[in-house]
Amino acid sequence: MSEVLKRKQRRQYELTKRKAVKKIEKLAKNFSHDDRDKIAIHSEQIGLSNLSKVINQYVLKLCHENDELQMLDIICSCWNIGAFPDNTANTLWDVMIEPVLEFEYVDPNGILRQHLKDIIAQRRKDSADDPRFILSSAFENVGEDKRALNIGCKLISHDEFIAFIAERASMFIK
60 MSEVLKRKQR
70 RQYELTKRKA
80 VKKIEKLAKN
90 FSHDDRDKIA
100 IHSEQIGLSN
110 LSKVINQYVL
120 KLCHENDELQ
130 MLDIICSCWN
140 IGAFPDNTAN
150 TLWDVMIEPV
160 LEFEYVDPNG
170 ILRQHLKDII
180 AQRRKDSADD
190 PRFILSSAFE
200 NVGEDKRALN
210 IGCKLISHDE
220 FIAFIAERAS
230 MFIK
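Here the sequence shown is numbered in the numbering used here, starting from 60 and rising by one per residue.
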(Lines of atoms letter the chains of each structure in order from A and count residues from 1; the text may use other names and numbers.)
(Lines give C-alpha, C1' and ligand atoms only; values in the text may rest on other atoms or scores of the structure.)
Protein backbone atom coordinates (compact mmCIF):
# COMPACT_ATOMS: atom_id res chain seq x y z
CA MET A 1 0.00 0.00 0.00
CA SER A 2 1.44 3.35 -0.95
CA GLU A 3 2.38 5.91 1.68
CA VAL A 4 -0.06 8.43 0.18
CA LEU A 5 -2.93 5.96 0.44
CA LYS A 6 -2.03 5.15 4.06
CA ARG A 7 -1.99 8.86 4.95
CA LYS A 8 -5.31 9.39 3.22
CA GLN A 9 -6.88 6.49 5.13
CA ARG A 10 -5.42 7.75 8.42
CA ARG A 11 -6.81 11.26 7.77
CA GLN A 12 -10.21 9.75 6.96
CA TYR A 13 -10.07 7.76 10.20
CA GLU A 14 -9.18 10.89 12.21
CA LEU A 15 -12.05 12.77 10.57
CA THR A 16 -14.41 9.91 11.41
CA LYS A 17 -13.28 10.00 15.05
CA ARG A 18 -13.85 13.78 15.27
CA LYS A 19 -17.33 13.36 13.78
CA ALA A 20 -18.04 10.58 16.27
CA VAL A 21 -17.12 12.84 19.19
CA LYS A 22 -19.44 15.54 17.89
CA LYS A 23 -22.28 13.02 17.55
CA ILE A 24 -21.71 11.74 21.09
CA GLU A 25 -21.66 15.29 22.46
CA LYS A 26 -24.87 16.05 20.57
CA LEU A 27 -26.42 12.84 21.88
CA ALA A 28 -25.45 13.84 25.42
CA LYS A 29 -27.27 17.15 24.98
CA ASN A 30 -30.30 15.61 23.31
CA PHE A 31 -30.79 12.40 25.31
CA SER A 32 -34.42 13.04 26.08
CA HIS A 33 -36.54 12.30 29.08
CA ASP A 34 -38.68 10.14 26.79
CA ASP A 35 -35.73 7.81 26.23
CA ARG A 36 -34.99 7.66 29.95
CA ASP A 37 -38.58 6.84 30.78
CA LYS A 38 -38.44 3.77 28.51
CA ILE A 39 -35.57 2.40 30.58
CA ALA A 40 -36.80 1.16 33.92
CA ILE A 41 -34.24 0.19 36.52
CA HIS A 42 -35.78 -2.54 38.66
CA SER A 43 -32.88 -4.57 39.98
CA GLU A 44 -30.97 -4.07 43.17
CA GLN A 45 -27.20 -4.16 43.28
CA ILE A 46 -27.40 -7.42 45.26
CA GLY A 47 -27.82 -10.59 43.24
CA LEU A 48 -26.46 -9.31 39.93
CA SER A 49 -24.10 -11.45 37.91
CA ASN A 50 -20.35 -10.94 38.03
CA LEU A 51 -19.70 -8.79 34.97
CA SER A 52 -16.10 -9.97 34.68
CA LYS A 53 -17.37 -13.52 34.17
CA VAL A 54 -20.06 -12.41 31.73
CA ILE A 55 -17.68 -10.32 29.62
CA ASN A 56 -14.98 -12.99 29.79
CA GLN A 57 -17.25 -15.34 27.80
CA TYR A 58 -17.13 -12.89 24.90
CA VAL A 59 -13.42 -12.19 25.37
CA LEU A 60 -12.60 -15.88 25.02
CA LYS A 61 -14.63 -16.04 21.82
CA LEU A 62 -13.54 -12.81 20.10
CA CYS A 63 -10.16 -11.66 21.41
CA HIS A 64 -6.84 -12.44 19.80
CA GLU A 65 -3.43 -11.66 21.21
CA ASN A 66 -2.69 -8.83 18.80
CA ASP A 67 -5.87 -6.84 19.49
CA GLU A 68 -7.18 -8.02 22.84
CA LEU A 69 -7.31 -4.60 24.54
CA GLN A 70 -9.11 -2.95 21.65
CA MET A 71 -11.51 -5.87 21.28
CA LEU A 72 -12.14 -5.87 25.05
CA ASP A 73 -13.06 -2.19 24.79
CA ILE A 74 -15.40 -2.94 21.86
CA ILE A 75 -17.04 -5.82 23.75
CA CYS A 76 -17.60 -3.64 26.83
CA SER A 77 -18.99 -0.86 24.63
CA CYS A 78 -21.45 -3.31 23.07
CA TRP A 79 -22.52 -4.42 26.55
CA ASN A 80 -23.20 -0.79 27.47
CA ILE A 81 -25.02 -0.08 24.21
CA GLY A 82 -27.41 -2.91 25.07
CA ALA A 83 -28.76 -0.82 27.96
CA PHE A 84 -30.22 1.81 25.63
CA PRO A 85 -33.39 1.88 23.51
CA ASP A 86 -32.93 1.09 19.82
CA ASN A 87 -32.71 4.66 18.51
CA THR A 88 -30.01 5.66 20.99
CA ALA A 89 -28.28 2.28 20.67
CA ASN A 90 -28.06 2.70 16.89
CA THR A 91 -26.45 6.12 17.27
CA LEU A 92 -23.98 4.78 19.84
CA TRP A 93 -23.13 1.86 17.53
CA ASP A 94 -22.54 4.26 14.64
CA VAL A 95 -20.13 6.44 16.62
CA MET A 96 -18.45 3.98 19.00
CA ILE A 97 -18.23 0.68 17.14
CA GLU A 98 -18.67 1.11 13.41
CA PRO A 99 -15.70 3.46 12.80
CA VAL A 100 -13.33 1.11 14.63
CA LEU A 101 -14.61 -1.91 12.71
CA GLU A 102 -14.41 -0.07 9.42
CA PHE A 103 -10.84 1.16 9.85
CA GLU A 104 -9.22 -1.42 12.12
CA TYR A 105 -10.77 -4.80 11.22
CA VAL A 106 -11.34 -6.82 8.08
CA ASP A 107 -14.88 -8.19 8.29
CA PRO A 108 -16.13 -8.66 4.71
CA ASN A 109 -18.87 -11.13 5.64
CA GLY A 110 -20.02 -9.19 8.70
CA ILE A 111 -19.29 -12.07 11.07
CA LEU A 112 -17.57 -9.89 13.68
CA ARG A 113 -20.34 -7.29 13.46
CA GLN A 114 -22.92 -10.01 14.04
CA HIS A 115 -21.06 -11.34 17.09
CA LEU A 116 -20.94 -7.82 18.52
CA LYS A 117 -24.62 -7.20 17.81
CA ASP A 118 -25.31 -10.52 19.55
CA ILE A 119 -23.65 -9.12 22.68
CA ILE A 120 -26.09 -6.21 22.61
CA ALA A 121 -29.03 -8.57 22.11
CA GLN A 122 -27.79 -10.88 24.86
CA ARG A 123 -27.51 -7.95 27.28
CA ARG A 124 -31.10 -6.98 26.50
CA LYS A 125 -32.34 -10.55 26.86
CA ASP A 126 -30.46 -11.86 29.89
CA SER A 127 -29.50 -8.70 31.77
CA ALA A 128 -32.21 -6.20 30.94
CA ASP A 129 -32.59 -5.17 34.57
CA ASP A 130 -28.87 -4.88 35.25
CA PRO A 131 -28.45 -1.12 35.76
CA ARG A 132 -24.65 -1.10 35.72
CA PHE A 133 -22.43 0.39 33.04
CA ILE A 134 -18.89 -0.77 32.40
CA LEU A 135 -16.54 2.19 32.83
CA SER A 136 -13.18 0.40 32.70
CA SER A 137 -11.69 -2.93 31.80
CA ALA A 138 -8.23 -4.45 31.98
CA PHE A 139 -6.33 -7.69 32.10
CA GLU A 140 -4.33 -8.23 35.28
CA ASN A 141 -1.49 -10.67 35.75
CA VAL A 142 -2.31 -12.93 38.70
CA GLY A 143 0.47 -15.40 38.38
CA GLU A 144 3.05 -16.75 36.02
CA ASP A 145 0.90 -17.67 33.04
CA LYS A 146 -2.40 -16.49 34.47
CA ARG A 147 -4.36 -13.36 33.89
CA ALA A 148 -7.66 -12.16 35.21
CA LEU A 149 -10.16 -9.85 33.59
CA ASN A 150 -11.11 -6.90 35.76
CA ILE A 151 -14.26 -5.01 34.89
CA GLY A 152 -14.97 -1.70 36.58
CA CYS A 153 -18.67 -0.99 36.57
CA LYS A 154 -20.90 1.52 38.27
CA LEU A 155 -24.57 2.13 38.79
CA ILE A 156 -25.04 5.44 36.98
CA SER A 157 -27.83 6.97 34.96
CA HIS A 158 -27.94 6.80 31.18
CA ASP A 159 -27.29 10.56 31.08
CA GLU A 160 -24.19 10.15 33.24
CA PHE A 161 -22.92 7.36 31.00
CA ILE A 162 -23.43 9.43 27.83
CA ALA A 163 -21.57 12.32 29.49
CA PHE A 164 -18.78 9.92 30.51
CA ILE A 165 -18.25 8.60 26.99
CA ALA A 166 -18.48 12.10 25.49
CA GLU A 167 -15.73 13.28 27.84
CA ARG A 168 -13.64 10.18 27.20
CA ALA A 169 -14.02 10.50 23.42
CA SER A 170 -13.06 14.16 23.41
CA MET A 171 -9.83 13.31 25.29
CA PHE A 172 -8.76 11.03 22.42
CA ILE A 173 -9.31 13.67 19.77
CA LYS A 174 -7.52 16.60 21.45
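Ideal placement from N, C-alpha and C gives every residue a C-beta, glycine not left out.
The structure presented is a predicted model; accordingly, all values stated were derived computationally and were not measured.
N-terminal and C-terminal residue of the alpha helix (DSSP H) that residue i is part of
i: C135; result: E127 to I140
i: L110; result: L110 to L121
i: L151; result: D145 to L151
Straight-line gap, residue i to residue j (C-alpha atoms, nearest Å)
i: A142; j: R69; result: 32 Å
i: I215; j: Q116; result: 24 Å
i: A225; j: N200; result: 30 Å
i: F192; j: E62; result: 40 Å
i: N146; j: E73; result: 25 Å
i: A187; j: S108; result: 12 Å
i: D132; j: F198; result: 11 Å
i: L194; j: D166; result: 27 Å
i: A180; j: W152; result: 13 Å
i: K78; j: V154; result: 8 Å
i: I100; j: Q71; result: Note that I100 has pLDDT 38, beneath the 50 cutoff, so the model's placement of it is unreliable and the number below is only indicative. Rounded to the nearest angstrom, the two C-alpha atoms are 39 Å apart.
i: D218; j: K184; result: 22 Å
Proximity winner among the options, relative to residue i (alpha-carbon distances)
i: I134; options: F198, C122 and T75; result: C122
i: K112; options: D188, D126 and W138; result: W138
i: P190; options: L110, V165, A79 and K78; result: L110
i: R66; options: F162, Q181 and I179; result: F162
i: N149; options: K176, K120, N125 and I210; result: K176
i: L128; options: H174, N168, I210 and K76; result: I210
Neighbour-count burial assignment, residue i, 16 or more Cβ in a 10 Å radius
i: A207; result: exposed
i: I170; result: exposed
i: S136; result: buried
i: R182; result: buried
*Identify every run of the beta strand (DSSP E) within the stretch 160–209, keeping only runs that are complete inside it and at least 3 residues long; order them along the chain.*
191–202
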